[in-house]
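Reading through the structure tokens given below for one structure.
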Amino acid sequence: MDLIAELQWRGLIHQCTDTEGLQKQLDSGPQTVYIGFDPTATSLHVGSLMQLMMLRRFQQAGHRPIALVGGATGMIGDPTGKSEERNLLSADQLAANVAGIEAQMRQFLRFEGDNAALLLNNFDWMKGYSYLEFLRDVGKNFPVGTMMGKESVRARLGSEAGLSYTEFSYMLLQAYDFVYLCREHDCLIQAGGSDQWGNVTAGIDLGRRMLGKQLFGITAPLLTTSDGRKMGKTEKGAVWLDRSRTSPYAFYQYWINVGDEDVLRCIAYLTEIEKEEYDQLAEATAQDPGRRAAQKRLAEWMTGFCHGEDGLQAALAASKILFGGAIEDMDDAGLNEIFADVPSNDLQRDSLTGEGLWIVEALQQAGLVKSGGEARRAIKDGGVYLNNQRVTEMDLRLSASDLASESVMVLRKGKRNYALLRFAD
RNA sequence: GGGGGUUUGCCCGAGUGGUUAAAGGGGGCGGACUGUAAAUCCGCUGGCUACGCCUACAUUGGUUCGAAUCCAAUAGCCCCCA
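Read in the numbering used here, the first sequence has 200 at position 196, and its numbers run on one by one without any break.
In structure tokens, the structure reads:
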């Protein structure tokens, strides 16, 4: 299947400046395509993963992807879709973010061999560009009237937050990136999320004016839920690719919990699951949504892809136990791994000797309840579990024999509120 | 500047001199059910050394055997007149 057809069935083409022209261009031989990434944090998140996958698909189809990290544009801040100006990042912060993102990209794109991916930072060519020169070379090609017509600008001009000159200039920088990449790397295609349409077309216009070249733009839909909210967000914030920010378990859980209405779109947009299997999963979801075959496959694919086989296995093991599976034959290392995200508290081991530790006290120490009264109520309601076994006695005393492993006890209140107590000597 | 009103537990909101830790609703937390969903149903929802004790109805003081409930002052909010 050729690339455009592939993107089409996946629903990844939201807009394209010239589908036929692009098809012809792609047919004529390997092309170079670029997507820009905002270095707002040291890790990418699920939202940017979609763009990364887009580059990957191009690479697999034999084209050369350029992942452009916005070290320069990140200093300015893209006003697109933002209700107010964000704080400018410091140079140090930016450098750290760029480094973190670069490391992640290497996981998804191939940087050696034929059509090796390229990782560029626009700070490298912008840092030496003087303001005066930039205005003469680039600014001259931007009719303010056109700029004012862009949705991103209009939206902000009409709002109370307004728009600073700095932000207004953002699109010049991104447009120039495209021109630069075209000139230096023969890159004729820019892809991106649908919110980038204005910036992409600005680059195409500039390419025509400055280089007399016909450039192409293609945007993908945004990854949103059926009710229009951005995906990749939880109550706790973004779902990150960095495992120290979002554990493989949490990552897996995010996907397993995707709604029936959204799961197929996620599979199409984010995975490399083939059309045939996709159709089967669509069928399975329609027939028996309760089985959640699609969610399981999505979670499995995504976790394995982003965190490797060991990450996936860890997530599966953790899921099993965290959803009530028996805790037996466990050692400290295993428990600490599975409950890595869970709050814990360290207590003296001798609190387990003699009378032992009262369960009400233990719950408080673990931070699962705010008071003894709450602990008593929880026990009375049958909502307290020790090592996944329901606690029925109000005056249960914990001793060393209640340890789940060498030195850890697993307390739980309700279905999913876990806490660990560690007993060190 | 003068007059009137209002102030309750996480939120909204009843309440009236004594069975009031304070109706009801929301939210939250448990439990059952379920698809680790939604909906539904049930229980709980100030603290403690816990069949008892303590702290709570803006704050402070007062009346009373006894006050969230009456009085006074203070503060916040709201309205009317100048």
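Every residue gets a Cβ at the ideal spot worked out from N, C-alpha and C, and that includes glycine.
A Cβ-Cβ distance of about 17 angstroms is found for the pair I271 and I17, leaving them out of contact under the 8 angstroms criterion. In this structure, the alpha-carbon of G315 lies about 38 angstroms from that of K384. Unbroken beta strand (DSSP E) stretches of 3 residues or longer found wholly inside the segment 126-199: 193-197, given in chain order.
Counting along the chain, the unbroken beta strand (DSSP E) around V388 starts and ends at 388-390. Secondary structure of K234 (DSSP, three-state): strand. In its chain, beyond the 5 residues on either side, I8, C20, I193, F220, I222 have a beta carbon closer than 8 angstroms to the beta carbon of L26.
Counting C-beta pairs closer than 8 angstroms gives three or more between the segment 91-104 and the segment 32-50, which meets the contact rule. When secondary structure is reduced to three states using DSSP, G66 falls in the coil class, being assigned neither helix nor strand.
Taken through DSSP and simplified to helix, strand or coil, S411 comes out as coil. Selection T307, T205, G338, A120 evaluated against Y258 yields T307 as nearest (Cα-Cα). Annotation: the continuous alpha helix (DSSP H) that includes T307 extends over 297-326.
When the five nearest sequence neighbours on each side are left out, the beta carbons in the same chain lying within less than 6 angstroms of the beta carbon of N203 are those of M175, Q178, in order along the chain.
In this structure, the beta-carbon distance from A366 to L402 falls below 9 angstroms. Just measuring C-alpha positions, the residue of S323, R381, W305, V412 sitting nearest D335 is V412. The count of Cβ pairs closer than 8 angstroms, one atom from the segment 285-293 and one from the segment 74-82, stays below three, leaving the stretches out of contact. Beta-bridge partners of R416 (DSSP): Y389, Y422. A distance below 8 angstroms between beta-carbons, with the five flanking residues on each side excluded, links S375 to the following residues of its chain, in chain order: Q368. Note that the segment 29-40 does not touch the segment 226-236; fewer than 3 beta-carbon pairs, one per stretch, sit closer than 8 angstroms.
Contact between Y422 and F327 does not hold, since their C-beta atoms are separated by about 11 angstroms, which reaches or exceeds 8 angstroms. Contact between P147 and L113 fails: their C-beta atoms lie close to 36 angstroms from each other, not under 8 angstroms.
Within the same chain, no residue comes within 8 angstroms of S32 by CB-CB distance, once the 5 residues on both sides are set aside. Under the three-state reduction of DSSP, R249 is assigned to coil, being neither helix nor strand. Nearest C-alpha to M151 among W13, G162, S173: S173.
Counting only runs of at least 4 residues, the segment 23-70 fully encloses the following alpha helix (DSSP H) elements, listed from N- to C-terminal order: 23-31, 50-64.
Taking C-alpha positions only, K217 is separated from A206 by approximately 13 angstroms. Looking from the CA of L72, the closest CA among F62, A95, M109, E281 belongs to M109. A contact is defined here as three or more CB-CB pairs under 8 angstroms, and the segment 415-429 meets this definition with respect to the segment 346-364. Put simply, of A321, N126, M57 the residue whose alpha carbon is nearest the alpha carbon of F309 is M57. Judged by DSSP secondary structure, D266 falls within the alpha helix (DSSP H) whose first and last residues are 264-274. The residue among A76, Q111, E106 with its C-alpha nearest the C-alpha of S94 is A76. Taking the Cα of F182 as reference, the smallest distance to any Cα among A298, V346, M130, L356 is reached at M130.
Secondary structure at I222: strand, using DSSP grouped into helix, strand and coil. Cβ neighbours of S355 within its own chain (closer than 8 angstroms, five residues either side excluded): L361, F427. Nearest to T170 by alpha-carbon distance, out of G263, D333, G78, G51, is G78. With distances taken between CA atoms, Q97 lies nearest to G74 out of G74, F115, E116. The continuous stretches of beta strand (DSSP E) do not include L11, which lies in the alpha helix (DSSP H) extending over residues 7-13.
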